[in-house]
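A.B. asks: First the structure, then my questions, so here it is.
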Amino acid sequence: MNLNYGEVASAFISGEMNENARIKVNNGLKLTIMGYFSFFLSIFVEFMVKVVYYKACHRFVCDRSIELQKLVSEWIKHHLNSHAS
213 MNLNYGEVAS AFISGEMNEN ARIKVNNGLK LTIMGYFSFF LSIFVEFMVK
263 VVYYKACHRF VCDRSIELQK LVSEWIKHHL NSHAS
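225 is the number that the numbering used here gives to position 13 of the sequence shown; each next residue is one higher, with no gaps.
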């Protein structure tokens with residue numbers, strides 16, 4: 213049985229729909245809203261995970277590169293001092 217959404221909506225609003233059909237429409241609306249909510253929630257969670265992952269990796273890489281720069285500069289200073297003496 214194919215129903216026109218406009219007819220279903222008007223029957224739902226006017227109260228001409230029987231209780232069983234009204235419950236089915238309510239459940240359908242709830243499922244639709246929950247589906248959209250879960251879809252947008254999953255996109256938001258995925259975005260936040262990527263942001264946190266990027267920040268953590270960026271911090272890790274920056275900290276490691278700073279440590280590496282310090283080690284290299286100390287090695288160069290030590291190497292130059294040993295040749296200067």
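Backbone N, C-alpha and C define an ideal beta-carbon position, used for all residues, glycine too. Owing to the predicted nature of the structure, the values given are computational and were not obtained by experimental measurement.
Under the assumption that residue 237 contacts residue 263 (Cβ atoms under 8 Å), give the Cβ distance between them as a whole number of angstroms.
C.D. replies: Wrong, their Cβ atoms sit about 39 Å apart, outside the cutoff.
A.B. asks: Please state the DSSP three-state secondary structure of residue 219.
C.D. replies: Residue 219 falls in the helix class under three-state DSSP.
A.B. asks: Which value, in whole angstroms, describes the spacing of the CA atoms of residue 259 and residue 226?
C.D. replies: Straight-line Cα distance between these residues: approximately 42 Å.
A.B. asks: Using the three-state DSSP reduction, which class does residue 232 fall into: helix, strand or coil?
C.D. replies: In this structure, residue 232 counts as helix in the three-state DSSP scheme.
A.B. asks: Go ahead and label residue 286 buried or exposed: buried means 16 or more other beta carbons lie within 10 angstroms of its beta carbon, across all protein chains shown.
C.D. replies: Answer is exposed; the Cβ neighbour count stays below 16.
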